[in-house]
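Respectively, the protein sequence lines represent chains L and R.
Read in order, the letters of the first sequence correspond to residues 16 to 1035 in my numbering.
Read in order, the letters of the second sequence correspond to residues 2 to 439 in my numbering.
The structure appears right after this line, and notes come after that.
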Amino acid sequence: MHGMRGLSVFISDIRNCQNKEQERLRIDKELGNVRNRFKNEKGLTPYEKKKYVWKMLYIFMLGYDVDFGHMEAVSLISAPKYPEKQVGYIVTSCLLNENHDFLRLAINTVRNDIIGRNETFQCLALTMVGNIGGREFAESLAPDVQKLLLSSSCRPLVRKKAALCLLRLYRKNPDVVNVDGWADRMAQLLDERDLGVLTSSMSLLVALVSNNHEAYWSCLPKCVKILDRLARNQDVPQEYTYYGIPSPWLQVKTMRALQYFPTIEDPYTRRTLFEVLQRILMGTDVVKNVNKNNASHAVLFEALALVMHLDAEKEMMSQCVALLGKFIAVREPNIRYLGLENMTRMLMVTDVQDIIKRHQAQIITSLKDPDVSIRRRALDLLYGMCDVTNAKDIVEELLQYLSSADFTMREELSLKAAILAEKFAPDLSWYVDVILQLIDKAGDFISDDIWFRVVQFVTNNDDLQPYAAAKVKEYIDKPAVHETMVKVSAYILGEYSHLLARRPGCSPKEIFSILHEKLPTVSTTTIPILLSAYAKILMHTQPPDQELQSQIWAIFNKYESCIDAEIQQRAVEYLALCQKGAALTDILAEMPKFPERKSSLIKRAEYSEADTAEQSAIKLRAQQQTSNALVVTDQIPANGATSPVSVGQLSLVKVPSLVTTENDTSTDRALSQQNGASSKVDPQPPSADLLSDILGPLAIEGPPGATVQSEHNAVSGLEGDSDAVDGSAIVVVEEQTNTVQPIGNIDERFRALCLKDSGVLYEDPYIQIGIKAEWRGHHGRLVLFLGNKNTAPLISVQAIILPPAQLKVELSLVPDTIPPRAQVQCPLEVVNLRPSRDVAVLDFSYKFGTNMVNVKLRLPAVLNKFLQPIQVSAEEFFPQWRSLSGPPLKLQEVVRGVRPMPLPEMANLLSSFHIMICPGLDPNPNNLVASTTFYSESTRAMLCLVRIETDPADRTQLRMTLSSGDPTLTFELKEFIKEQLISIPTAPRSPAPSAAPPTAQPSPQIPPNDPAAILAGLLS
Amino acid sequence: MPVAASAIYFLNLRGDVLINRLYRDDVGGNMVDAFRMHIMQTKELGTCPVRQIGGCSFFYMRISNVYIVIVVSSNANVACAFKFVVEAVALFKSYFGGAFDEDAIRNNFVLIYELLDEIMDFGYPQNLSPEILKLYITQEGVRSPFSSKSSDKPVPNATLQVTGAVGWRREGLVYKKNEVFLDIVESVNLLMSSKGSVLRCDVTGKILMKCFLSGMPDLKLGLNDKIGLEKESQLKSRPAKSGKTIELDDVTFHQCVNLTRFNSEKTVSFVPPDGEFELMKYRITEGVNLPFRVLPTIKELGRTRMEVNVKVKSVFGAKMFALGVVIKIPVPKQTAKTSFQVTSGRAKYQASIDCLVWKIRKFPGQTEPTLSAEVELISTMAEKKSWTRPPIQMEFQVPMFTASGLRVRFLKVWEKSGYNTVEWVRYITKAGSYEIRC
């Protein structure tokens, strides 16, 4: 650039400009000049051309549009002299991008430079192609670049650039490496002694293996060798050490490349690699020098990532965590940040969570860090590491922190606290406590989702209702409460305050006055809730209180003319309903249970913006919800270590107090024991495979909590399974299927459940499956209670519903693992599509230790569950009966072989199927007339009429007539009742008369046809 | 009265604050930064003089190399604010003696602070009349520290000046030679299509006076405007002379003009302030005499060549001439080479404004000079951008010509002592935004 006076004058002119406007004027003038020069017919001397192209570049770099002169720049590339060629290459790579047509003109020249002898020109060309090379370059130049890269005669400088250039071309067109034996050549390249070439080649390798690691297995040992060489600091030239660290860039890249290989099989390589990693982990410490720190930490964190990827031994993991623990205690905020972030990443690796928990105190301190980004990381980490064992501590810590937290963080914080509380609540009352505290402390930051959720829980759990009501009353008694609290309180007190009525200070009147105090302070969205609460309080007041009634009516009166439509409507409607009197109780009945649904909170947390570390925390949560998918993909032996937390997010884990009260020392002891065990095993295995084989069953042993339990509670342990489990640590026991005997008769249990709505469906030594059902029209809601009776977790739990055609059954998520002594609830939604007697089957399997248990259970979602008794009067009955005449709507059958029973018993039996006996319709006392309503999606509500004519002489036969508006329904219901009458249902066994022998029945002699004839004459 | 300003800043072109004055507390101190960030450093600078940034309104105006920025946070009267700025600048100019630029501000900042305190109070504009302010803000600019006369001036009586019957004129003025100078200055705004049809045309004019009269003279001005003439003919009950009468719109008078007499008799009579002032302003939209016609033909020959032919015709009297005529013919940004042939004046290509600039120093009436130019363009990467063909712009001054045709019919001076006066009348027409599409 020497001697270009015009250029330096121009640059100094620009620099002397006082303001932007002057600069623009000067630039426009210069551009005009350049245009004029380029247009000159006589052409430009190379010197002039060079000068003006430099000016163009300068103007371009200042941010102005330069949309001409590309031709001149490209033509300079073919100039013979270095200065011109240089400017041509530089300006071309700055002004043009890979899609420019002009570049086509240059391809040939560039190729000539690359295959030419001049090293400098080769470098220029490679640099430009490496920067802006596109597909066309890739197609025409790749072989030449490859040749340069592999050539032994080239200087390292050129080969370095060739590697990077090839990387660019590969990115543009992955076909460039589709050459025979390229993988071998790549491996050869890694033998290179020159670190510069090696670093560039490693960049290339990283890109290659990220796409297809299969082809490059041969490179793996070489990578490890390189790492080994660097780590031992052998033969690393001075210029490639950075603050005493041998080429940190190469180290990082090599480790990155290694992470693309799923695993390392060769034991020698693996051991070498682990030695290197060990060295890195050991050798890194926090020092004064910032640059050195940066470099060594870059290496360290890549090593951590590799360790996580390779699923190293527990010892190494714990070493990593210990190192990170050291980091998060350092004063330097950057290091603390990195420590926390990487710990959050470490959470993805299953084994280390317990080790991380040891740093809980330090992490909690980081919540109070002055730096907000560190606080956020700490929050993420706490969120990620939370499980049943530490949920209480963490959530309480978060609650405490909430009052002092940054306003920007409060919303996130409260959301996370709410999610954790929901997911890991040891008992529901604690959950309610936490959420109420949350609302109390950070009302402004509580989204509606949070309080909706608590209301859902309270509504769905009967035993929680009085507690919740008492609790909210306590809160709302305070003088100043947040509006959200008023909302929750109004809802809960409205619904459940009558449960407290006997307690002092909880009379309806008092509750009302407490709520009403808040009315003037709330906004229009809350007033409707308050109004509903008033209406419900009024409804629950028994005996009716005139004073309260007049007060509440006055309020409704007042709001009848409210400008807000919602409030007005409610006021008007409630007032009208109140005056109806009795009807109120039905209309304002307790709210039905909510269908189980995915927590909207968690959905929100997933959608919310998240960076990588946070994502890993969220992902971790997501995985805990579904299964340990991570564990499977990463080929970590499926172990129970994650199990205590992997619970479907809907079902609350009711952990017995044993677990929650467990002290830390026992956990620690268990840990040290485990560590001891694994280190004992460590030196023995000759190969990594064996190691993992042995570790596999060891891990099945379960979480430390479980083992401790089995030790501590050996006495209380049910069957001594713990011994079996311990044994399995060393001996691989063959899988056994269904060796477990169920307790009780499955069949009987099923029959009982056909008549009852709750009870035990299945039980064996390990598990008890309870069921609780609610039916409403053609919808049913069943909850399966999977209770682990043991002190060790049940794993591989699977429940599949095999529904018959007429039922639509939706089973919510069943957790893969049931923690020890925990009960998991799995809600089940049933929809009856059409009438049929087929029964749904639950295919349930689990694994305990090595025992695989599989049972098939019928679900008591039978026809009669969708019946609803209805009382029909004579005026309604007869027209119906007449209108439905003859098959297929009306079917008649004489049933023989009926289990003899007296009429009242038969009536009982029918009403237990929800078929209502209508006495007095049939004049013959030996006949039964009954009616019911059947619900299904196809038939909707359908009235069914039944008439049974018994023969007092022969109790074993009867004539049954059934009619309904649907032929299938008529048939199915007839068959169903027939089955029930012929077979011997177990349910009636409980009432005393069921045992009565058939012969004991009195048998008055009445002509068999008589009653039928009478009724037939009457009806038809 | 509406608030005009919460704060006023004087900035140089780089955005440094030269002087600022906060009148109200409702704007923060970092307003200049906001202005610099959001207005000065963006392309919007100069496109819209009123901008709102974060709840504050910025009104700005560039005068030579100074930006005057007014910041308000309330709903202010924008016109009032701009009028205030214009008047303040006029005031400063009369204090510094002419120039108002960065250097003048730097040299007079004490005076400016003093004036700023005086001319606005809590955001409300106060008296901005230089004559009156000069009475009691006696410190003068650096221009004339030695030319100030000894203090033989009468003791200024500020109260009387503000409250008196004729607040704008001192009593007891004596001139040896009683003279009145009257200038009619008009600027023509025109937008013409390439075919020559007028799309928009109006004239804004003002009558400037310079009085050197003794005592308390009463002046009366007669113009050939329509209302005045009709009224006169009514009064004198004789038919209006058949001559051109001009219809004036939006007439604004100086405060010295007696409006009651104007309303009843339609004559402009007044007691003038001493020295220079603007007697009236007006606007004319009908019957404008355009001084120039421009006939452009611009041909684009392919992508890289253009032919430009422009003929300019002066349509005023042959005896008159225009001065300082500049015709700016826009060309595309990628113009590389130009060659010209002109019948008079000189032409060149200015890359910084992307125009061919044709200058004619003296342009006689009834002539038709032409310019023909060949423009060569350089080929560019972005072919899509078509050239928008901005209009040709023109600048000129034509002395002794009024585009409106307004004439002074008489200017009568009446004073108790009955001295003789000399009246001088001048006309001048300038180009406002004189644009011809091509």
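Ideal Cβ placement from N, Cα and C applies to all residues, glycine included.
In this text, all values refer to a predicted model and were calculated from it rather than measured experimentally.
Contact under 8 Å by Cβ, residue i with residue j
i, j, result
"L/L984", "L/C959", "yes"
"L/A485", "L/L443", "no"
"R/S353", "L/K44", "yes"
"L/V846", "L/L822", "yes"
"L/Q377", "L/I343", "yes"
"R/S340", "R/E375", "yes"
"L/D831", "L/I810", "yes"
"L/R183", "L/V144", "yes"
"L/S851", "L/E987", "yes"
"R/C439", "R/R390", "yes"
"L/Q972", "L/D966", "yes"
"L/A505", "L/L479", "no"
"L/T536", "L/I582", "no"
"L/L603", "L/A550", "yes"
"L/M424", "L/R392", "no"
"R/Y350", "R/T371", "no"
Supposed contact pair residue j and residue i - C-beta distance, whole angstroms, cut 8 Å
i, j, result
"R/E416", "R/P218", "4 Å"
"R/I328", "R/V309", "The pair is not a contact, with the Cβ atoms about 11 Å apart (cut-off 8 Å)."
"L/V854", "L/V877", "6 Å"
"R/V67", "R/E119", "About 20 Å; that fails the 8 Å criterion."
"R/K282", "R/K207", "5 Å"
"R/I106", "R/I9", "12 Å between Cβ atoms; not a contact."
"L/N188", "L/I147", "At roughly 14 Å, the Cβ-Cβ gap does not stay under 8 Å, so L/N188 and L/I147 are not in contact."
"R/Y125", "R/A5", "7 Å"
Between the CA atoms of residue j and residue i - distance to the nearest angstrom
i, j, result
"L/R970", "L/G912", "9 Å"
"L/I371", "L/D386", "22 Å"
"L/S90", "L/L72", "15 Å"
"L/Q415", "L/E356", "23 Å"
"R/E187", "R/L291", "12 Å"
"L/L141", "L/S93", "15 Å"
"L/I42", "L/L77", "10 Å"
"L/I26", "R/R15", "19 Å"
"L/G340", "L/V322", "16 Å"
"L/I992", "L/N405", "54 Å"
Identity of the residue in the options nearest residue i by Cα
i, options, result
"L/S898", "L/R200, L/L977 and L/M606", "L/L977"
"L/A202", "L/L219, L/S547 and L/I122", "L/L219"
"L/D28", "L/P61, L/T214 and L/K70", "L/K70"
"R/V204", "R/M121, R/E248 and R/T381", "R/E248"
"L/F881", "L/L906, L/Y950 and L/Q907", "L/Y950"
"L/F117", "L/I379, L/M86 and L/V194", "L/M86"
"R/V181", "R/S215, R/W169, R/L191 and R/K196", "R/S215"
"L/M916", "L/Q995, L/S155 and L/P934", "L/Q995"
"L/Q566", "L/S576, L/R585 and L/L590", "L/L590"
"R/V423", "R/K431, R/E45, R/L412 and R/Y137", "R/L412"
Problem set entry | Complete runs of the alpha helix (DSSP H) confined to the segment 217-279 of chain R [at least 4 residues] | 227-236 and 260-266
In the segment 558-603 of chain L, which residue ranges form an unbroken alpha helix (DSSP H) of at least 4 residues, counting only runs that do not cross its ends? Scanning the segment 558-603 of chain L from its first residue to its last, the whole alpha helix (DSSP H) runs of 4-plus residues come out as 561-574, 580-595 and 598-602.
* alpha helix (DSSP H) segments (min. 4 residues) lying fully within the segment 77-149 of chain R -> Listed in chain order, the complete alpha helix (DSSP H) runs (minimum 4 residues) inside the segment 77-149 of chain R are 79-97, 103-108, 110-120 and 131-137.
**Complete runs of the beta strand (DSSP E) confined to the segment 170-208 of chain R [at least 3 residues]** = 180-193
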